[in-house]
Each structure stands twice: as C-alpha cells, then as structure tokens.
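Visitor:
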Amino acid sequence: MSFTISTYTPGASTATLHAIWQSAYASLHPTFSLPAAKLHQLVNTPLAKVFISTAASGEVAGFVLTYLVRIGSSSPKLQHYKGTLAALVVSDAYQGQGAGTALHDAALAYLEPAVRDSLTRSTPPAAHSEIMFGSIVPRIFPGLPGMPAMERARAWFTKRGWNFLDGDMQIDLYGKLPTSVDQEVFKVAAVQNGITFRPATPADNEAIMALQSDNFEDYTVNGVIIGSAIVAMPGSPIHDVLAWPCTLGERCGSISCVGVSHSARGKGAGVTLVAEGMQGLTARGADGVFVDWVRMKNFYERFGLHQWESAYWDAAR
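Using full-length UniProt numbering, you'd call the opening residue of the sequence shown number 1 and step up by one each time.
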C-alpha cells in the first residue's frame with residue numbers, strides 16, 4: 001500500500017493525531033493516555049516537526065514527532081543540534097503496510113542533514129552529534145518503553161539501524177505529597193560541609209549554564225554554585241514541555257535536571273537538593289511529584305518515590 005507523507009502545519013487541529021495516539025499508546029497502556037490539549041502543546045513547540053502519513057483513501061494512518069535540540073553552548077549562536085525521534089505512532093489498521101517505514105524515512109531525511117549541517121555552524125565546530133530515540137525537551141519518553149508489548153517495536157527499529165544500548169534502563173518516578181519520609185535527615189551532611197541553598201536569580205544564569213555544561217534552586221559553597229535543580233509547579237514553563245505531570249493530578253509538581261559538580265559530590269549536596277525540593281513543593285501545595293529520566297538506582301526511592309510505569313530502553317543512531 002502506498003502512503004503520502006506531509007508535514008503538520010503548526011497551529012492546525014491535532015484531533016486526528018490525538019485519536020491515533022490514544023488508539024495506540026493508551027490502549028497499550030492506559031497510563032500513557034495524553035490529554036488532547038497536552039498533545040497539541042507538545043507538537044506545537046519550537047523546533048518540533050511532525051510528519052503525517054495518509055492512505056490513498058484520505059485517512060490518516062499515523063504520524064512521527066521529531067525535535068531538534070540545541071546543545072553544546074549556553075549561547076544559541078554557538079550551538080549545534082541533537083536530533084530526537086520523540087514518537088512514531090501508526091493506527092492499528094495500517095500497521096505492517098509500510099506507513100511506519102515511510103514516516104521513519106521522512107523523519108531521518110529531515111533530522112540527519114539538520115544535525116549534520118549544524119556541526120559546522122557550532123563554535124567551536126562540533127565533531128559529532130546523534131539522533132536519539134525519545135526526546136529531551138520537550139519530554140515524552142526518554143527512550144522506548146521497555147514493556148513486553150514493545151518488543152516487536154524494538155526489533156522493528158533495530159532492523160532500521162537503531163542501536164539499543166545494553167545495561168541499566170532509565171526510569172521516571174512519582175510519589176504523593178506530603179510524604180511520610182522525614183526529609184530533614186538528608187540535610188545533615190550538607191550542613192556539616194557548609195553547603196547552603198537558595199532560589200536562583202537571573203544573575204546566576206551564566207554560572208548555572210557553566211555547571212550544566214559539565215553536569216546539570218541552586219547550591220553553593222562559599223558562594224560558588226556547585227549544583228542545581230528545576231523544582232516546578234503546574235503552570236511553570238517546564239511543565240509545558242513535560243508530558244506526564246498533568247496526568248498525575250492538578251497539583252503534581254516536578255523535579256528535574258538535578259546535578260552536582262564532580263568536585264562537590266559525596267558531601268550531601270545532591271540528597272539535600274532533592275529533600276529541599278520535596279519540602280518546597282509540599283509547602284507550595286503540591287499533591288505529588290514527578291521526577292523524569294533517572295539512571296541512578298535507589299537514589300530517589302529513599303525520599304518516598306517509586307518507579308512510574310515502564311522503564312525505558314536507550315537507543316540512538
């Protein structure tokens with residue numbers, strides 16, 4: 001069967017795309033159901049590009065959502081791109097008939113030259129980049145959901161040149177707030193090491209970007225920033241680009257991009273950073289907290305959080 005590939009016009013209706021998402025992911029796993037408004041938001045962000053596959057009958061068979069992500073420098077003019085294939089979804093009625101392959105080929109035909117051409121524009125010129133399966137910002141899945149029902153999808157992508165990495169899988173976490181865990185116990189080491197915290201200000205931007213270029217409310221030792229995290233409530237810009245917190249309650253907050261400089265690790269900064277984030281969200285009225293894209297084992301669980309749904313397989317090309 002032949003399919004016509006077209007591009008989604010930003011701002012246009014996404015009702016058909018949402019119906020296909022729901023029929024594919026939500027029927028596979030109800031927790032992966034996305035509100036229509038959230039999907040519309042995710043496909044209408046800067047540097048998003050959506051390709052749509054249409055059958056000869058005029059019916060939409062599926063779509064693929066891609067993003068280009070700026071990396072490599074805190075200055076946009078000095079950055080290059082990393083490509084992400086955030087989601088490829090085909091209606092059950094058209095699976096196995098070439099719709100997915102056509103979408104996949106269209107996505108790569110767009111992402112590969114965009115990433116390659118950006119390398120020479122980066123300052124200094126970048127030696128390499130990649131296309132990853134999943135997405136960074138906006139964030140839907142950080143990889144391919146690692147559930148039995150997705151084994152066939154993994155084989156399908158492997159056949160088309162994607163490299164799935166061996167080793168530990170990454171996870172998202174969730175926990176209700178307030179938690180019964182005493183967060184104060186995690187602060188002792190940080191206090192003993194002279195680490196303090198405060199909300200970030202615009203004046204901290206350069207120092208935070210320098211920190212995040214090496215690793216990831218701000219942590220300081222003698223006034224020097226050694227760690228940071230994004231702690232957010234609904235309505236904040238970060239929630240606009242996260243798919244799942246809005247599905248976990250009207251007051252679900254999030255903690256993301258937690259990082260401590262290599263030189264300051266092992267001194268209690270990381271655990272205190274998370275504990276303060278948990279307490280801060282509770283004080284602001286959050287009824288839950290979502291932590292996305294975690295590789296560390298048994299770090300966040302001590303705060304009363306648990307794995308949210310499936311772990312994810314890493315894949316790139």
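We put the beta carbon where it would ideally sit given N, CA and C, even for glycine.
Predicted model only: the values in this text are computed from it and were never measured.
Please report how far the alpha carbon of D218 lies from the alpha carbon of D92, in whole angstroms.
Guide: Legend: pLDDT at D218 = 41, less than 50; position of this residue unreliable, value from coordinates given subsequently. So the two alpha carbons sit approximately 47 Å from each other.
Visitor: In the structure shown, what three-state DSSP assignment does M132 receive?
Guide: strand
Visitor: I'd like the ranges of any beta strand (DSSP E) spanning at least 3 consecutive residues and lying wholly in the segment 30-65.
Guide: 48-55
Visitor: Between the C-alpha atoms of Q307 and T7, what's the straight-line distance to the nearest angstrom?
Guide: 36 Å
Visitor: Taking just the CA atoms, how far does G58 sit from V115?
Guide: Cα-Cα distance, rounded: 32 Å.
Visitor: Please report the distance separating the alpha-carbon of I226 from that of V260.
Guide: Its pLDDT being 48, under 50, I226 is placed unreliably by the model, and nothing is read from it.
Visitor: Tell me the rounded alpha-carbon separation between D204 and P237.
Guide: 18 Å
Visitor: Taking Q41 as the reference, which of R121, F133, N163 and R139 has the closest Cα?
Guide: R139
Visitor: Do you know whose CA, among F51, S13, A55 and A269, lies nearest N193's CA?
Guide: The shortest Cα separation from N193 among F51, S13, A55 and A269 belongs to A269.
Visitor: Could you give the DSSP three-state label for D292: helix, strand or coil?
Guide: strand
Visitor: For L173, collect the residues of the same chain with a Cβ closer than 7 Å to its Cβ; drop the 5 residues on either side in sequence, then sort them by chain order.
Guide: V291, V294, Y300, L305, H306, Q307 and W308
Visitor: Excluding the five sequence neighbours on either side, which residues of its own chain have a C-beta within less than 6 Å of the C-beta of G175, listed in chain order?
Guide: V289, G304 and L305
Visitor: Assuming G62 contacts L28 (C-beta within less than 8 Å), just tell me the rounded distance between them.
Guide: Between L28 and G62 the Cβ distance is about 14 Å, and since that is not below 8 Å, they are no contact.
Visitor: Is the beta carbon of R251 less than 9 Å from the beta carbon of A286?
Guide: Yes, the pair counts as a contact, with Cβ atoms nearer than the cut-off.
Visitor: Take the Cβ of D166 as the centre, count every other Cβ of all protein chains shown within 10 Å, and call the residue buried at 16 or more, exposed below.
Guide: With fewer than 16 other CB atoms across the displayed protein chains lying within 10 angstroms of its CB, D166 is exposed.
Visitor: So for I238, helix, strand or coil by DSSP?
Guide: helix
Visitor: Return the chain-ordered list of same chain residues with a C-beta closer than 7 Å to the C-beta of F216, the five sequence neighbours on each side being excluded.
Guide: Interpretation of F216 is limited by its pLDDT of 43, a score under 50 that renders its predicted location unreliable; no figure is taken from the coordinates.
Visitor: Check whether the Cβ atoms of V43 and L65 lie closer than 9 Å to each other.
Guide: yes
Visitor: Measuring only the C-alpha atoms, how far is A15 from G83?
Guide: 26 Å
Visitor: Look at the alpha carbon of A316 and the alpha carbon of P10, and state the distance between them as a whole number of angstroms.
Guide: 27 Å
Visitor: Alpha carbon to alpha carbon, what distance is there between T123 and A19?
Guide: 43 Å
Visitor: Indicate whether T272 and K187 have their beta-carbon atoms separated by less than 9 Å.
Guide: yes
Visitor: Tell me which same chain residues have a C-beta within less than 8 Å of the C-beta of L177, skipping the five on either side of it?
Guide: G253, M278, L281, T282, A286, D287, G288 and V289
Visitor: From which residue to which residue does the alpha helix (DSSP H) around Q279 run?
Guide: Run containing Q279: A269 to A283, per the alpha helix (DSSP H) assignment.
Visitor: Roughly how many angstroms lie between the CA atoms of A86 and F141, to the nearest whole one?
Guide: 7 Å
Visitor: Taking all protein chains shown into account, decide if G100 is buried (16 or more other Cβ within 10 angstroms of its Cβ) or exposed.
Guide: buried
Visitor: Tell whether a beta-carbon distance below 9 Å holds between G98 and S180.
Guide: no
Visitor: Who pairs with G175 in a beta bridge, going by DSSP?
Guide: V289
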